[in-house]
Amino acid sequence: QFSWNIMLSILSQSGHLDRAEKFFTGMPRRDVASWTAMLVAYAKSNRIDRAKLLFDQMPERNTVSWNAMICAFARSGDFERALGLFRAMDLEGARPDRVTFVAILDACGQSLAMELGMWIHAELLAAGFQGEITISTALVEMYGRLGKIEDARRAFDRATGIGGAGGDAVLWAAMLAAYAINHSPSQAREFFENTPPRLRSSVSWTTMVTAYARAGDLHAARQLFDKIPRKN
RNA sequence: CUUAUUGAAUCG
Numbered sequence: 003q004f005s006w007n008i009m010l011s012i013l014s015q016s017g018h019l020d021r022a023e024k025f026f027t028g029m030p031r032r033d034v035a036s037w038t039a040m041l042v043a044y045a046k047s048n049r050i051d052r053a054k055l056l057f058d059q060m061p062e063r064n065t066v067s068w069n070a071m072i073c074a075f076a077r078s079g080d081f082e083r084a085l086g087l088f089r090a091m092d093l094e095g096a097r098p099d100r101v102t103f104v105a106i107l108d109a110c111g112q113s114l115a116m117e118l119g120m121w122i123h124a125e126l127l128a129a130g131f132q133g134e135i136t137i138s139t140a141l142v143e144m145y146g147r148l149g150k151i152e153d154a155r156r157a158f159d160r161a162t163g164i165g166g167a168g169g170d171a172v173l174w175a176a177m178l179a180a181y182a183i184n185h186s187p188s189q190a191r192e193f194f195e196n197t198p199p200r201l202r203s204s205v206s207w208t209t210m211v212t213a214y215a216r217a218g219d220l221h222a223a224r225q226l227f228d229k230i231p232r233k234n
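Counting from 3, one number per residue, gives the positions in the first sequence under our numbering.
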């Protein structure tokens, strides 16, 4: 069973939707993973409608299947349906996990659904997902997009811990982006300078450079660009 | 840490 599923995911990841489809229908046995893999294959080819059809036809659904479908909607920009599915999970007794929450927080941020976002935030605290770094990053990103920079910062501070130097490069880049979106480049720059080099990535650099460029300060952009270490 | 789903910028 494992090997069939592996074969199926190889086919879909290499973009052979038609072959994946044939393989899927020809499989001697199909478990939840097989159905979900096929669903994702459709979604990646932008056949969201087909994906949803498969989702509805699945003999059983687990959290991963729900996540896959929610992510598919979110990726296609259909945040309404993504959020709708999230609500429907409860009714079918599927429990959201950290992947669900990250996807939903992202959808909230992109659709500027502040009310719901804050509600979700409370939900995940209650569910005990507080400490997950991907969750923290998603919170920072969402609040940043919503213009709630203080809330973004609060989530960030909790994630970086006592010394304030915890977390990873993704978290720090997300916080930087939150500043860059909501404040002047110099404000963002201050945060950038206070970022431990270990937690700076090429993403931090490009975020900072484009912040200057967007503000029209091409000189500062160029100057910073020239300071980027070779490896980045 | 390889059977399915998830976190950051730019450009393509």
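The beta-carbon is built from N, C-alpha and C at its ideal position, and this holds for glycine as well. On a predicted model such as this, the values are computed, not experimentally measured, just so you know.
Inset, instruction - Report all residues from its chain with a CB closer than 7 Å to the CB of Leu-56; omit the five preceding and five following residues, and keep chain order. - result: As a first step, residue 56 must be located in the first sequence, where it is residue number 54. Around Leu-56: Trp-37, Met-40, Leu-41, Tyr-44.
Legend entry - N- and C-terminal bounds of the alpha helix (DSSP H) containing Ala-217: Sequence index remark: in the first sequence, residue 217 carries index 215 (1-based). Taken as a continuous stretch (DSSP letters only), Ala-217 belongs to no alpha helix (DSSP H), as it is neither H nor E.
Inset, instruction - Could you spell out where the alpha helix (DSSP H) holding Ala-39 opens and where it closes? - result: Locating residue 39 in the first sequence gives position 37, counting from the first residue. Residue range 34-46 is occupied by the alpha helix (DSSP H) that includes Ala-39.
Legend entry - Entirely enclosed alpha helix (DSSP H) segments - the stretch 162-214, minimum 4 residues: Within the stretch 162-214, complete alpha helix (DSSP H) segments of at least 4 residues are found at 171-184, 187-195, given in chain order.
Inset, instruction - Alpha carbon to alpha carbon, how far is Trp-174 from Glu-134? Give it in angstroms, no decimals. - result: Translated into positions along the first sequence, residue 134 becomes position 132. Translated into positions along the first sequence, residue 174 becomes position 172. If you take the alpha carbons of Glu-134 and Trp-174, they lie about 15 Å apart.
Legend entry - Endpoints, alpha helix (DSSP H) assigned at Gln-132: As a first step, residue 132 is located in the first sequence; it is residue number 130 there, counting from the start. Taken as a continuous stretch (DSSP letters only), Gln-132 belongs to no alpha helix (DSSP H), as it is neither H nor E.
Inset, instruction - Could you name the residues of the same chain whose beta carbon sits closer than 6 Å to that of Tyr-145, not counting the 5 residues immediately before and after it, in chain order? - result: One-based indexing of the first sequence puts residue 145 at position 143. For Tyr-145, where only same-chain residues beyond five positions count, the Cβ hits under 6 Å are Asp-153, Ala-154.
Inset, instruction - May I have the straight-line CA-CA distance separating Met-204 from Cys-73, to the nearest angstrom? - result: Looking up residue 204 in the first sequence gives position 202. Looking up residue 73 in the first sequence gives position 71. Here the sequence assigns Ser to residue 204, which means Met is not the residue at that position. Just so you know, the alpha carbons of Ser-204 and Cys-73 end up roughly 26 Å apart.
Inset, instruction - Using alpha carbons as the reference points, say which of Pro-187, Pro-199, Met-116 lies closest to His-221. - result: On the first sequence, position 219 is the one that residue 221 refers to. The shortest Cα separation from His-221 among Pro-187, Pro-199, Met-116 belongs to Pro-187.
Legend entry - Inter-residue CB distance, Ser-14 and Lys-46 (contact presumed, cutoff 8 Å): Along the first sequence, read from residue 1 onward, the residue named residue 14 stands at position 12. Along the first sequence, read from residue 1 onward, the residue named residue 46 stands at position 44. Contact check for Ser-14 and Lys-46: beta-carbon distance about 7 Å, within the 8 Å limit, so the pair qualifies.
Inset, instruction - In the DSSP assignment, find the unbroken alpha helix (DSSP H) run with Glu-94 in it and report its ends. - result: As a position in the first sequence, residue 94 is number 92, starting the count at 1. Premise fails: Glu-94 is in no alpha helix (DSSP H) and is neither H nor E.
Legend entry - Contiguous alpha helix (DSSP H) assignments of at least 4 residues, all confined to the stretch 53-128: Here the runs fully enclosed are 65-77, 81-93, 100-112, 116-128.
Inset, instruction - Return the first residue and the last residue of the alpha helix (DSSP H) that Ser-11 is part of. - result: In the first sequence, counting from the first residue as 1, residue 11 sits at position 9. Run containing Ser-11: 4-15, per the alpha helix (DSSP H) assignment.
Legend entry - Span separating the alpha-carbon of Arg-52 from that of Gly-218: Position 50 of the first sequence, counted from the start, is the residue given in the question as residue 52. Position 216 of the first sequence, counted from the start, is the residue given in the question as residue 218. Pairing Arg-52 with Gly-218, the inter-Cα distance amounts to about 45 Å.
Legend entry - Nearest to Pro-61 (by Cα), restricted to the options Phe-81, Arg-83, Asn-48, Arg-32: Residue numbering aside, residue 61 sits at position 59 when the first sequence is read from its first letter. Closest option to Pro-61, judged by alpha-carbon separation, among Phe-81, Arg-83, Asn-48, Arg-32: Arg-32.
Inset, instruction - Tell me whether Thr-212 counts as near the ligand SAH, meaning its Cβ is closer than 7 Å to at least one heavy atom of that ligand. - result: For the structure depicted, the ligand SAH is absent and the ligand set is empty, with no information on it obtainable.
Inset, instruction - Return the first residue and the last residue of the alpha helix (DSSP H) that Arg-21 is part of. - result: Translated into the one-based positions of the first sequence, residue 21 becomes position 19. That run of the alpha helix (DSSP H) goes 19-28.
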